[in-house]
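Asker: Mapped onto this note's numbering, the consecutive letters of the sequence shown carry residue numbers 311 to 532.
I'd like to ask you about the structure that follows.
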Amino acid sequence: MESLFIGQNLIELNSVDSTNSYALELMKNSLPVEGSLIYAHTQTGGRGQRGKQWQSEPNSNLTFSIVLYPNLTVAEQVYLTKVVSLGITDYLDSIKEFESRHPQGVSQTKSLKARIKWPNDIYVGDKKIAGILIENNLKGEQVVSSVAGIGFNVNQMKFDGLDSAVSLRMLTGFDFGLSECLSGLCGRIEARYLQLKTNKKDLLDLDFLKKAYNLPVAGGQE
Ligand code: BTN
Numbered sequence: 311m312e313s314l315f316i317g318q319n320l321i322e323l324n325s326v327d328s329t330n331s332y333a334l335e336l337m338k339n340s341l342p343v344e345g346s347l348i349y350a351h352t353q354t355g356g357r358g359q360r361g362k363q364w365q366s367e368p369n370s371n372l373t374f375s376i377v378l379y380p381n382l383t384v385a386e387q388v389y390l391t392k393v394v395s396l397g398i399t400d401y402l403d404s405i406k407e408f409e410s411r412h413p414q415g416v417s418q419t420k421s422l423k424a425r426i427k428w429p430n431d432i433y434v435g436d437k438k439i440a441g442i443l444i445e446n447n448l449k450g451e452q453v454v455s456s457v458a459g460i461g462f463n464v465n466q467m468k469f470d471g472l473d474s475a476v477s478l479r480m481l482t483g484f485d486f487g488l489s490e491c492l493s494g495l496c497g498r499i500e501a502r503y504l505q506l507k508t509n510k511k512d513l514l515d516l517d518f519l520k521k522a523y524n525l526p527v528a529g530g531q532e
C-alpha cells in the first residue's frame, strides 16, 4: 500500500450487498481503526447517489469504502468530498507518468484530464470514471464518523445502458492491476486527508476549484 493508514486494516469480501452498508453496520457494533477499508470483489446492491444503483462488473473494477473520523462540523463536511475527489483526480493525473515509464517502452503519454463534476463525480472528458458516496454519522453539529464509498472503473470494457461511463482501460488501452490501483488511490486520498487534518482547507478549496468540471472559474478549463 502506498499509504500509512488508509487500507492498512483491509477487510476483503468476496461478495456483499454494499461496502458502505457493511461499514456502517460494522460501526454500529465496533470502532474500526481509522482508515479501515472494506473491499468487495462483487457488490450485489451497490448504492449510488440520490438512491441510484451503482453497477460494476465483478472483478473488473474497484468498489470499496473507507472508515474515517474527520473531526469536522456539519458545515465543514464538504471537505471530505473535496479530499476524496481530489485524491482520485491526483491518482488519475499520475497515470501518464506511469505510462511513460512503462518497462515495455510505451512512448505515447496520455493526459487523462480528470475533472470533478460537482458534487462528487469524477469525469475524464465527458465520461464518468468514478463515483463517490460519503455517508456521515452525525451527533448534533459534529461529524462523528464517515464512510467514504468509492466506485472506480478500471478494466470494464462495456457498460450496458450507461453511455456516459468509462474505465481506465477504455481510456488507455491498458489492463490495470486492481491492487496497484487501490494502493495508488489510497496513497493519494491519504495525502489529501492529511492536508485536511493539518488544516490546509484553503489549498483544498483552491485545488478543488481548479479541477471543477462544471464551475465556470479561472483555471477550471485548463
Ligand atoms: C455515484 O456516483 O452515484 C456514487 C457511487 C458510489 C459507489 C460506491 S461502490 C463502493 C461503495 N459502496 C456502495 O454501495 N456505494 C459506494
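Ideal Cβ placement from N, Cα and C applies to all residues, glycine included.
Note that the coordinates shown come from a computational prediction; the quantities given were computed from them, not determined experimentally.
Where does the unbroken beta strand (DSSP E) through serine 375 begin, and where does it stop?
Answerer: That run of the beta strand (DSSP E) goes 372-378.
Asker: Please determine if the stretch 367-375 and the stretch 340-358 are in contact, where contact requires at least 3 C-beta pairs separated by less than 8 Å.
Answerer: yes
Asker: Could you tell me the distance, in whole angstroms, from the CA atom of glutamine 387 to the CA atom of leucine 514?
Answerer: 13 Å
Asker: In this structure, does DSSP put glutamate 490 in helix, strand or coil?
Answerer: Helix at glutamate 490.
Asker: Taking 7 Å as the cut-off, decide whether the C-beta atoms of lysine 432 and isoleucine 398 are in contact.
Answerer: The amino acid occupying residue 432 in the given sequence is isoleucine; lysine does not appear at that position. Yes, they are a contact pair.
Asker: Under 8 Å, with one C-beta from each stretch per pair, do the stretch 378-386 and the stretch 475-488 reach the 3-pair mark?
Answerer: no
Asker: Just how far apart, CA to CA, sit glycine 483 and valine 476?
Answerer: 12 Å
Asker: Can you tell me which of the three DSSP states isoleucine 444 falls into?
Answerer: Reduced to three states, the DSSP call for isoleucine 444 is strand.
Asker: Does the beta-carbon of arginine 411 have 16 or more other beta-carbons within 10 angstroms, so that it is buried, or is it exposed?
Answerer: Any reading at arginine 411 must be qualified, since the residue scores a pLDDT of 49, below 50, and its modelled position is unreliable; the value itself is stated next. Flag for arginine 411 reads exposed.
Asker: What are the start and end residues of the alpha helix (DSSP H) that includes leucine 572?
Answerer: Since the displayed the chain opens at 311 and closes at 532, residue 572 lies outside it and no answer follows.
Asker: Using the beta-carbon count (16 or more within 10 Å), is alanine 333 buried or exposed?
Answerer: buried
Asker: Do serine 325 and arginine 357 have their beta-carbon atoms positioned less than 7 Å apart in this structure?
Answerer: no
Asker: Please return the same chain residues whose Cβ sits closer than 7 Å to the Cβ of valine 454, not counting the five positions on each side in sequence.
Answerer: Excluding residues within five positions, the ones whose Cβ falls inside 7 Å are Asn447, Leu448.
Asker: Less than 7 Å separating the beta-carbons of lysine 338 and arginine 425?
Answerer: no
Asker: Taking the alpha-carbon of glutamate 500 as reference, which of Gly450, Ser395, Gln359, Lys362 has the nearest alpha-carbon?
Answerer: Ser395
Asker: According to the Cβ coordinates, are glutamate 445 and valine 457 closer than 7 Å?
Answerer: yes
Asker: Taking only runs of the alpha helix (DSSP H) that begin and end inside the stretch 497-522, which ones reach a length of at least 4 residues, in chain order?
Answerer: DSSP runs (the alpha helix (DSSP H)) wholly in the stretch 497-522: 511-521.
Asker: Excluding the 5 residues flanking glycine 441 on each side, which residues of the same chain have their C-beta closer than 8 Å to its C-beta?
Answerer: Gly358, Gln359, Trp364, Asn430, Asp431, Ile432, Ile460, Gly461
Asker: Can you round the beta-carbon distance between glutamate 451 and valine 393 to whole angstroms, since I take them to be within the 8 Å contact cut?
Answerer: Wrong, their Cβ atoms sit about 20 Å apart, outside the cutoff.
Asker: Under DSSP, the alpha helix (DSSP H) around leucine 336 begins and ends at which residues?
Answerer: 329-339
Asker: Any heavy atom of the ligand BTN closer than 6 Å to the Cβ of arginine 479?
Answerer: no
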